[in-house]
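Structure first, commentary second.
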Amino acid sequence: MSDLERRKELGRFLRDRRARLTPQAVGLPPGERRRTPGLRREEVAQLTHISATWYTWLEQGRGARPSLAVLDGLTRALRLGPDEHDHLLALCGYTDVLVPEPSAGAGVPLAVQTMLDALNPIPAYVINLRYDVLAWNDAQRAFAVDYARLPAGERNTLWLLFHHPAMRRRLLDWSTDADAMVAQFRAITARHVGRPDFIELLARLNSSSEEFRTRWNQHEVRAIAPRVKQCRHPSTGRIDLEAVTMDLIGTPDARLVAFIPADPASAARLPLLLNRDHSSELVGAGGGQPPR
Numbered sequence: 004m005s006d007l008e009r010r011k012e013l014g015r016f017l018r019d020r021r022a023r024l025t026p027q028a029v030g031l032p033p034g035e036r037r038r039t040p041g042l043r044r045e046e047v048a049q050l051t052h053i054s055a056t057w058y059t060w061l062e063q064g065r066g067a068r069p070s071l072a073v074l075d076g077l078t079r080a081l082r083l084g085p086d087e088h089d090h091l092l093a094l095c096g097y098t099d100v101l102v103p104e105p106s107a108g109a110g111v112p113l114a115v116q117t118m119l120d121a122l123n124p125i126p127a128y129v130i131n132l133r134y135d136v137l138a139w140n141d142a143q144r145a146f147a148v149d150y151a152r153l154p155a156g157e158r159n160t161l162w163l164l165f166h167h168p169a170m171r172r173r174l175l176d177w178s179t180d181a182d183a184m185v186a187q188f189r190a191i192t193a194r195h196v197g198r199p200d201f202i203e204l205l206a207r208l209n210s211s212s213e214e215f216r217t218r219w220n221q222h223e224v225r226a227i228a229p230r231v232k233q234c235r236h237p238s239t240g241r242i243d244l245e246a247v248t249m250d251l252i253g254t255p256d257a258r259l260v261a262f263i264p265a266d267p268a269s270a271a272r273l274p275l276l277l278n279r280d281h282s283s284e285l286v287g288a289g290g291g292q293p294p295r
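Note that the working numbering has the sequence shown beginning at 4, numbered continuously upward.
This is the structure in structure tokens:
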């Protein structure tokens, strides 16, 4: 089942990237009038030096797994960038990472929580590959949301980004942040096609948010990299934070994300987060556990 879903996703990705190119962009004559935008399958096959039949099978989710040489050829033919090339490798099973699905209510070791608390007033949290929030410190709670009072299904950074108006107000360039986050998540899912927890989250997001669905259907992929988030908070005013992500050794499926001040003015304003709590803006209507 996982292999079938992976092949289907490969076909969708190839069709999307083929449709974005013109013959002129890849050095081919424009030829006769085209009924649909983009390159023809035969042209991609020609540029990749494979048969048109085999390339058609790839888009249809059929045939044997393409070799690394073929994937390199497709990368050149479709003018893919480094992140898109890595995405191809993942969809074809060359970068599989075997990570167990998190158990219900999975948390983090006490030492990790102690480290998070020591980072105050720098906002920081721990997420899994599905972007579920597993642990956080007081600065992160004050900056964004009191996760402990949210229903478990909403304690997810993707869900919060697309479903809570206050989160949109916090981010001055919400659209750019949303683009990056969805593209990064698509790159992650390529390594975990068929996992029920990923399927469940994607189904909820696609059915509940047109803005997420539009971005997901664009098939953009991007590696996780440090970037500066431009934010506005009721306690601090303008504050720019650089998101730094690190894997947690010994804690499977978990990453630490810390938001480091990007300039001296932002560093001076960070302590104000802990002086006044606005996290209730993001609390779900259903209530939940008391604050931590």
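Cβ coordinates follow ideal geometry from the N, Cα and C atoms, glycine included.
Checklist entry - Whole-angstrom Cβ separation of L258 and A246, contact assumed at under 8 Å? => result Here the sequence assigns Arg to residue 258, which means Leu is not the residue at that position. Not confirmed; about 11 Å, so no contact.
Checklist entry - Quick one: Cα of A147 to Cα of I242, how far? => result Rounded to the nearest angstrom, the two C-alpha atoms are 13 Å apart.
Checklist entry - Under three-state DSSP, which class holds V185? => result The answer is helix: DSSP assigns V185 an H, G or I state.
Next on the checklist: Buried or exposed, going by whether 16 or more other CB atoms sit within 10 Å of the CB of H52?
Outcome noted: Around the C-beta of H52, fewer than 16 other C-beta atoms lie within 10 Å, and the residue is accordingly described as exposed.
Next on the checklist: Once DSSP output is grouped into helix, strand and coil, what is the label at N159?
Outcome noted: DSSP places N159 in strand when its eight states are reduced to three.
Item to check | DSSP state of S269 mapped onto helix, strand, coil | outcome: If DSSP states are grouped into helix, strand and coil, S269 belongs with the helices.
Next on the checklist: Pop quiz: R171 and E223 are said to be a contact at Cβ under 8 Å. What is the actual Cβ separation, rounded to whole angstroms?
Outcome noted: Contact between R171 and E223 is ruled out by a C-beta separation of about 20 Å, above the 8 Å threshold.
Item to check | Minimum C-alpha distance to D176 - residue among Q233, P154 and L153 | outcome: Ranking Q233, P154 and L153 by CA distance to the CA of D176 puts Q233 first.
Item to check | C-beta contact flag for N140 and A127 at 7 Å | outcome: Yes; because the gap between Cβ atoms is below 7 Å, this pair is in contact.
Next on the checklist: Given this structure, state the Cα-to-Cα distance separating A138 from P124, to the nearest angstrom.
Outcome noted: When rounded, the distance between both Cα atoms is 15 Å.
Checklist entry - Cβ of T160 within 6 Å of any heavy atom in the ligand ZN? => result Here there are no bound small molecules, and the ligand ZN is not part of this structure.
Item to check | Own chain partners of N209 with C-beta closer than 8 Å, once the 5 adjacent residues on each side are dropped | outcome: So the list reads F215, R216 and W219, once near-sequence residues are dropped.
Checklist entry - Does the Cβ-Cβ distance between A55 and E46 come in under 7 Å? => result Taking the C-beta atoms as reference points, E46 is found no nearer than 7 Å to A55.
Checklist entry - What is the rounded straight-line gap between the Cα of A151 and the Cα of T254? => result Rounded to the nearest angstrom, the two C-alpha atoms are 21 Å apart.
Checklist entry - What three-state label does DSSP hand H236 in the structure shown? => result Correct three-state label for H236: strand.
Checklist entry - Alpha carbon to alpha carbon, what distance is there between D19 and L276? => result A direct Cα-to-Cα measurement between L276 and D19 gives close to 43 Å.
Checklist entry - Hey, D182 and L174: beta-carbon distance below 7 Å or not? => result No, the Cβ-Cβ distance between D182 and L174 is not below 7 Å.
Checklist entry - Counting along the chain, where does the alpha helix (DSSP H) carrying I202 start and finish? => result First-last of the alpha helix (DSSP H) with I202: P199 to S211.
Item to check | Residues near F16 in its chain [Cβ-Cβ closer than 6 Å; skip 5 each side] | outcome: The residues H222, in chain order, have a CB closer than 6 Å to that of F16 in the same chain once the five nearest residues on each side in sequence are set aside.
Next on the checklist: Beta-carbon within less than 7 Å of S79's beta-carbon, same chain only, minus the 5 sequence neighbours each way: which residues are those?
Outcome noted: Residue 79 is actually Arg in this sequence, not Ser. Cβ within range, chain order: n/a, list empty.
Item to check | Sequence-distant residues of the same chain with beta carbon closer than 8 Å to N296, five excluded per side | outcome: The requested residue 296 is not part of the displayed model; the chain covers only 4 to 295.
Item to check | Own chain, CB closer than 8 Å to A226, minus 5 neighbours either side, in chain order | outcome: The beta carbon of A226 sits closer than 8 Å to those of P85, D86, D89, Q187 and A190, all from its chain and outside the five residues before and after it, given in chain order.
Item to check | Where S106 falls: helix, strand or coil (DSSP) | outcome: Confidence is the limiting factor: at S106 the pLDDT is only 44, short of 50, which leaves the residue's position unreliable, though a coordinate-based value still follows. Taken through DSSP and simplified to helix, strand or coil, S106 comes out as coil.
Next on the checklist: Tell me the residue span of the beta strand (DSSP E) that contains Y128.
Outcome noted: Judged by DSSP secondary structure, Y128 falls within the beta strand (DSSP E) whose first and last residues are A127 to N131.
Checklist entry - Is G41 near L24, with beta carbons less than 7 Å apart? => result In this structure, G41 places its C-beta atom within 7 Å of the C-beta atom of L24.
Item to check | Euclidean distance between Cα positions of G296 and T59 | outcome: Because the chain spans 4 through 295 in this model, residue 296 falls outside it and cannot be assessed.
Next on the checklist: As a quick exercise: from T98, L119, Q116 and A145, pick the residue whose alpha carbon is nearest that of R235.
Outcome noted: Among T98, L119, Q116 and A145, the Cα nearest to that of R235 belongs to A145.
Checklist entry - Given that a residue counts as buried once 16 or more other Cβ atoms are within 10 Å of its Cβ, and exposed if not, what is A142? => result A142 should be labelled buried.
Checklist entry - Count the other CB atoms within 10 Å of the CB of P32; is the residue buried (16 or more) or exposed (fewer)? => result Result: exposed.
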